[in-house]
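K.L.:
First the structure, which I've put down as structure tokens, then a few questions once you've had a look.
There are 2 protein chains.
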Amino acid sequence: MKAIAVEPGAGTPSLIDLPVPEPAPGEALVRTLRVGVDGTDDEVIAGSHGGVPDGDDRLVLGHEAVGVVEDPNGTDLEEGQYVVPTVRRPPAGVETNDYFERGEPDMAPEGAYVERGIVGAHGFMAEYFTSPADCLVPISADLAPVGFLVEPISITEKAIEHAAAARSAFDWQPESVLVLGNGSLGLLTAAMFRTTMGYDRVYCLGRRDRPHPSIAILDELDVTYIDSRETPVPEIPEVHEPMDVVYEATGYAKHAFESIEALAPNGVAALLGVPGDWSFEVEGGRLHRELVLHNKAVVGSVNSNRDHFASAIDTMAGLPSWVIEDVVSGVYGLEEYKRAFSDPTDDATADDDTTIKTAVEFSHI
Amino acid sequence: MKAIAVEPGAGTPSLIDLPVPEPAPGEALVRTLRVGVDGTDDEVIAGSHGGVPDGDDRLVLGHEAVGVVEDPNGTDLEEGQYVVPTVRRPPAGVETNDYFERGEPDMAPEGAYVERGIVGAHGFMAEYFTSPADCLVPISADLAPVGFLVEPISITEKAIEHAAAARSAFDWQPESVLVLGNGSLGLLTAAMFRTTMGYDRVYCLGRRDRPHPSIAILDELDVTYIDSRETPVPEIPEVHEPMDVVYEATGYAKHAFESIEALAPNGVAALLGVPGDWSFEVEGGRLHRELVLHNKAVVGSVNSNRDHFASAIDTMAGLPSWVIEDVVSGVYGLEEYKRAFSDPTDDATADDDTTIKTAVEFSHI
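For the protein sequence lines, the chains are U and P, in the order given.
Residues in the first sequence are numbered from 1 upward in steps of one, following this note's numbering.
Residues in the second sequence are numbered from 1001 upward in steps of one, following this note's numbering.
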């Protein structure tokens, strides 16, 4: 079968041939339909994040997948069932651990997990993959074509759950939300806040010129687009309003700190970006004081568990279908898979790039 | 009656004469027993925090009080009942607002409250004070002599409640705790973690040489004292262990950021200090990444509500009595009230100063 793999640091993925995998007891064999591409893939390709399985010199990419059960192999799944795989698995040679037993592998510390397609385990960018049946979340046929969005949406489900938990010790009534980043995750999250979660006042920060398809989506959602070049994050409370929730999906390290300034009293910032090293000056005394005197909270969040995947599927069913259609800017067959990845040698500016979210199609539904 | 008041910025409090206040309907008249002194009082005296009531040019100090009901004035309280007053009240001329109605004045934003003895309302350092009966929390006779510790302990009750809430979205099993600061609040909090909350591994950071009474208390509690001059906060995970909880009571702004490095995966830092302005460089990319990849949380917390006062009284009943006795280093009558306040003209070094917690006694129990 064909698979898309990368030698970390090679800078570009390539198509390789692999044998179709044999499901072990408790595992099902899944025929892959589509696999999404995101910024984490870029980091893995660049070699700045993740790593190959022990004893291997390349990694099959892909952690945002949807497939169809080809062989249930004695599990409770049925042949033909559409499924989305979760990402974390116990480390090689380990059957399980407390985090997996509790259904919370997303809370496992480094060393207590591998991530398929990211670190220590091959991903889903292959014509077939195997997975423990309890790591395959059923999805309906009508959502299956965009089932590769379940994983990114599940990331937001978790972050919002943890942010809300951080405000659960008092009667919190959030009304205003700022999403930092108008990439695919930021757009989907802004759409969730605006539609399925019912917030009236949602803002989304980016640094793109109009017209751009991502800004068109925000306009249509009645989400206020904020150009960070005109209104930096610390000025947002004065220009717009203080925010009860800030959701950061930029990986721009200054945003982690500026979020504190954008928050209203009793607000919470959920951080999801993974920046590289960068030292800079902060008004640390003022930020510390802001956190304390206004009861503010900051919550980091990574990965997601099966419950978040299930919530994400419910959320997708509630999102306007046009949002999902407009966010998915390209689905490419194996013969043109390279178009699904951003090209580091492309010197087009971000403004010229109308790509929002891409996926590779491994087989037709 | 005698009262201790300050003209903000005057740098030193003074004894003044005031008429005994008349309780309004719904208020009781309380005879003041003892009122604690803390760092907030120092800031109010220095003029760097707080402010006088509208139309007044001085502020009666004191927000950590215990008293006895002198005149219930038709409220449900009984004459002779020992009580501890909460601190926040609705702003002048405002009967109530949503925060007070919900019993959560501690979550009110600036402008929606005054704080007795701190900002906008006279405090409890007077021979008598009046208070709405529902802002007076009953305390038993045996705890009344140290009832001025209820307010500071309630501050910790709230911070711990909010920190735990921030970890309530998953199965959190904290085992290690680091308290930053070995002043009276840090010591009481370390004692709470070690005794009433039952943590085996509690650490407390300070910058004092042995021998010092505060370190003796930690030793007796089997809390590990960490000298920050030998082991800065970022090195604590390596020298000791990563911490599931960090509780900051130093007001040292760098600690707000270094706390992130001291945390174990899934840990939470509760910030309580109120630093002045201070800009400095941080390894912002690494801190942001730490928060995200290890699901860490930071929660600021200020003030406390009636429920926290009630919890604090329960906690005090559970603390070893020697801890409270040793933390209270001095209770001074009105004739020597100045000894209860730190003397800004005293050039003794911190190492020479064996003061931990002081109070002024206004009348005998």
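Beta carbons: idealized from backbone N, C-alpha and C, even for Gly.
1. For the alpha helix (DSSP H) containing P/T1156, name the first residue and the last one.
2. What alpha helix (DSSP H) runs, 4 residues minimum, are completely inside the region 1009–1068 of chain P?
3. Measuring alpha carbon to alpha carbon, tell me which residue in P/D1227, P/G1198, P/Y1203 is nearest P/H1212.
4. For the beta strand (DSSP E) that contains U/V87, what are its first and last residues?
5. Can you confirm whether P/S1140, when its beta carbon is compared against all beta carbons of chain U, has any partner nearer than 9 Å?
6. In chain P, what lies closer than 7 Å to U/A265 by C-beta?
7. Is the shortest distance between the beta-carbon of U/F170 and the beta-carbons of chain P less than 9 Å?
8. So which residues of chain U does P/A1297 contact, with C-beta pairs closer than 8 Å?
9. May I ask you to report which of helix, strand or coil DSSP gives P/I1379?
10. Run through DSSP, which three-state label would U/T189 get?
11. So what does U/S176 bridge to, in DSSP terms?
12. Residues in the same chain with beta-carbon distance under 7 Å from P/V1119, minus the five sequence neighbours each way, listed in chain order, please.
13. For my contact list, P/E1064 and P/G1103 are in at a C-beta cut-off of 8 Å; report their separation, rounded to the angstrom.
14. Report, in whole angstroms, the separation of the C-beta atoms of P/A1262 and P/V1302, which I expect to be a contact under 8 Å.
15. Hey, is P/P1090's beta-carbon within less than 9 Å of any beta-carbon in chain A?
16. Using the beta-carbon count (16 or more within 10 Å), is U/I365 buried or exposed?
17. Give me the chain U residues within the contact set of P/F1280, using Cβ-Cβ distance strictly less than 8 Å, ordered along the chain.
18. Does the CB of P/F1100 have a neighbour CB from chain U at under 9 Å?
19. Note down, in chain order, every chain P residue with its Cβ under 9 Å from the Cβ of U/L178.
20. For P/V1094, does the count of other Cβ atoms within 10 angstroms reach 16, so buried, or fall short, so exposed?
21. Taking U/A256 as the query, report the chain P residues whose CB atoms sit under 8 Å from its CB, ordered along the chain.
22. Tell me whether U/G285 sits in a helix, a strand or coil according to DSSP, three-state version.
23. Is the CB-CB distance between U/V298 and U/V274 below 9 Å?
24. For P/E1220, which of helix, strand or coil comes out of DSSP?
25. Which class does U/V146 belong to by DSSP, given the choice of helix, strand or coil?
26. In chain U, what lies closer than 9 Å to P/G1333 by C-beta?
27. Would you decide whether P/T1354 is buried or exposed? Buried here means 16 or more other CB atoms lie within 10 Å of its CB.
28. Could you compute how far the alpha carbon of P/I1155 sits from the alpha carbon of U/K357?
29. Using 9 Å as the limit for Cβ to Cβ distance, is U/A65 near chain P?
30. For the region 285–341 of chain U, list the alpha helix (DSSP H) runs that are entirely contained and at least 4 residues long, ordered along the chain.
31. Taking the beta strand (DSSP E) that P/H1128 falls in, what are its first and last residues?
32. Under a CB-based cut-off of 9 Å, is P/V1246 close to chain U?
33. Could you name the residues of chain P that U/P85 contacts, counting a contact when the two beta carbons are closer than 9 Å?
34. Where does the unbroken beta strand (DSSP E) through U/I4 begin, and where does it stop?
35. Of all the residues that make up the region 112–136 of chain U, which are near chain P by a beta-carbon distance shorter than 7 Å?
36. Taking only the alpha-carbon atoms, compute the straight-line gap between U/A92 and U/L15 and give it to the nearest angstrom.
P.N.:
Once the coordinates are examined:
1. Segment 1150–1165, the alpha helix (DSSP H) holding P/T1156.
2. DSSP runs (the alpha helix (DSSP H)) wholly in the region 1009–1068 of chain P: 1039–1046.
3. Selected option, being the one with the closest Cα: P/D1227.
4. Run containing U/V87: none; DSSP gives neither H nor E here.
5. No, P/S1140 lies away from the interface with chain U (no Cβ there is under 9 Å from its Cβ).
6. Per the sequence shown, the amino acid found at residue 265 of chain U is Pro instead of Ala. The answer, in chain order, is P1109.
7. Judged by the 9 Å Cβ criterion, U/F170 is in contact with chain P.
8. Around P/A1297, the beta-carbon contacts reaching into chain U at under 8 Å are H162, A166, A297, V298, V299, G300.
9. Look at the range of chain P in this structure, 1001 to 1365, and you will see that residue 1379 of chain P is not part of it.
10. Helix at U/T189.
11. Beta-bridge partners of U/S176 (DSSP): U/R201.
12. For P/V1119, the CB contacts under 7 Å within the same chain, skipping 5 residues up- and downstream, are G1050, G1051 in chain order.
13. The Cβ separation is near 20 Å, so there is no contact.
14. With a Cβ gap of about 22 Å, P/A1262 and P/V1302 do not count as contacting.
15. Looking at the structure shown, chain A is missing, and the protein chains on hand are U and P.
16. Under a 10 Å Cβ-count criterion, U/I365 is classified as exposed, with fewer than 16 other Cβ atoms of the shown protein chains found around its own Cβ.
17. E281, V282, G284, listed in chain order.
18. Answer no: the Cβ-Cβ gap between P/F1100 and chain U never drops below 9 Å.
19. Chain order gives no chain P residues near U/L178, where near means a beta carbon separation below 9 Å; the closest approach is about 17 Å.
20. That one is exposed.
21. Contact note: U/A256 reaches chain P through G1284, L1287, H1288, L1291, using a C-beta cutoff of 8 Å and chain order.
22. Three-state result, U/G285: helix.
23. The answer is no: Cβ separation not under 9 Å.
24. Three-state result, P/E1220: helix.
25. Reduced to three states, the DSSP call for U/V146 is helix.
26. Those within 9 Å of P/G1333 in chain U number zero; the least Cβ separation is about 34 Å.
27. With fewer than 16 other Cβ atoms within 10 Å, it is exposed.
28. Roughly 47 Å between the two C-alpha positions.
29. Taking Cβ atoms only, chain P never reaches closer than 9 Å to U/A65, which makes this a no.
30. Qualifying alpha helix (DSSP H) stretches, in chain order: 306–318, 321–327.
31. The question names His, but residue 1128 of chain P in the sequence shown is Tyr. Where P/Y1128 is concerned, the enclosing beta strand (DSSP E) stretches over 1128–1132.
32. No - not a single Cβ of chain U is within 9 Å of the one on P/V1246.
33. Neighbours of U/P85 on chain P: none; closest Cβ ~21 Å, over 9 Å.
34. For U/I4, the enclosing beta strand (DSSP E) has its first and last residue at 2–6.
35. Residues: none.
36. So the alpha carbons of these two residues sit roughly 25 Å apart.
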